[in-house]
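Input: a single structure, listed below in structure tokens.
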């Protein structure tokens, strides 16, 4: 079972499809900046790609990547038209990198891959980056949005839970929202080894370490009370963005189906958890959808009115 979970967690994140082309509007790349922002943990700097809002708004959405985040540009830019949110009155912030990081502050560098620095993503996203954005662009340190997919969906809820002043809205798309459930720490360990040879012990220690519970949205749920949230997972059944032709396409689609089915199970459990606590959230469980970028792009645009209303953009 652990090997199955791990295989599902890893395989489809590198297998994505581009969504529809951006609508013909003003080009947000006319308001684009690429900055290298000082970061803790010995990494030196982290690349951040920024699209400024077309109306001068000082509110932003931070977009978090999945397990196989690359160091060139975010998957959100690779695979979607998310930058075009900037044409709708929201500053779009895409931090680059963080493969297998869960956007968390780690205990130590990963020794399996001789990592030369310690991930300190939570500190970066809640201290260094907002300070940089405020100082250079006048973007508010408060009342922003954070949205992530898969690994980033988990991180979005955790960041919002512990940094309520900074984030007034959180979106989790196909996130794994109960990391300390039986079998999940072990599955994540195997997945992180496959995605960059990262050692999860360097992240949060062994599965019984309190850090696993601290980063588990299921456990942290009481701290989400009153926070506007958009939480989504597909059914795992193929839909519009699943058009297999070659044998490898069918293999990739099967992986994406399994991964999304697992995400749906965890999201449904999280829905029950919030309901028992009397905490409201918007849940969207489409009848079709696998673990692919096209579905996440659709969800991002669907949540835009709620996102903007929540942060005052």
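Residue numbers (the numbering used here): 245 to 557.
All C-beta atoms in this analysis are idealised placements derived from N, C-alpha and C, irrespective of residue type, glycine included.
Using C-beta distances below 7 Å, list every residue in its chain close to residue i, excluding the 5 sequence neighbours before and after it, in chain order.
i	result
residue 359	353
residue 387	303, 412, 555 and 556
residue 488	494 and 497
residue 357	440, 441 and 442
residue 310	257, 319, 393, 394, 395 and 396
Suppose contacts are defined by Cβ-Cβ distances below 8 Å. Is residue i in contact with residue j by that definition?
i	j	result
residue 532	residue 470	no
residue 224	residue 503	The structure shown does not extend to residue 224, since the chain spans only 245 to 557, so no value can be given for it.
residue 370	residue 403	yes
residue 351	residue 446	yes
residue 344	residue 440	yes
residue 392	residue 308	yes
residue 373	residue 463	no
residue 365	residue 340	no
residue 547	residue 474	yes
residue 333	residue 552	yes
If you count every other CB in all the chains shown that lies within 10 Å of the CB of residue i, and 16 or more means buried, which is it?
i	result
residue 299	exposed
residue 268	A caution first: residue 268 carries a pLDDT of 44, below 50, which makes its placement in the model too unreliable to give a value.
residue 278	exposed
residue 490	exposed
residue 398	buried
residue 265	Residue confidence for residue 265 is low, a pLDDT of 41 falling below 50, so the modelled location carries little weight and cannot support an answer.
residue 274	exposed
residue 452	exposed
residue 380	exposed
residue 454	exposed
residue 542	buried
residue 492	exposed
With distances taken Cα to Cα, identify the nearest neighbour of residue i among the options.
i	options	result
residue 335	296, 310 and 526	296
residue 318	293, 301, 515 and 506	293
residue 457	518, 345, 468 and 424	424
residue 507	333, 417, 345 and 521	417
residue 476	510, 486, 282 and 499	510
residue 526	305, 537, 385 and 512	512
residue 484	539, 505, 515 and 450	539
Start and end of the alpha helix (DSSP H) containing residue i?
i	result
residue 517	491-521
residue 543	537-555
residue 396	395-406
residue 448	444-448
residue 434	428-438
Identify, in the order they occur along the chain, each residue of the same chain with its Cβ nearer than 6 Å to the Cβ of residue i, setting aside the five sequence neighbours on each side.
i	result
residue 501	480 and 534
residue 367	284 and 349
residue 377	383
residue 467	405
residue 306	337 and 390
Considering just the uninterrupted stretch of the beta strand (DSSP E) at residue i, what are its terminal residues?
i	result
residue 377	Segment 373-381 is the alpha helix (DSSP H) holding residue 377; no beta strand (DSSP E) there.
residue 339	335-339
residue 343	Counting along the chain, residue 343 falls outside any beta strand (DSSP E), and DSSP gives it neither H nor E.
residue 476	473-476
residue 287	No beta strand (DSSP E) contains residue 287, which DSSP labels as neither H nor E.
residue 459	Taken as a continuous stretch (DSSP letters only), residue 459 belongs to no beta strand (DSSP E), as it is neither H nor E.
Under a CB-based cut-off of 8 Å, is residue i close to chain E?
i	result
residue 402	Given the protein chain composition of this structure (a single chain), no chain E is represented.
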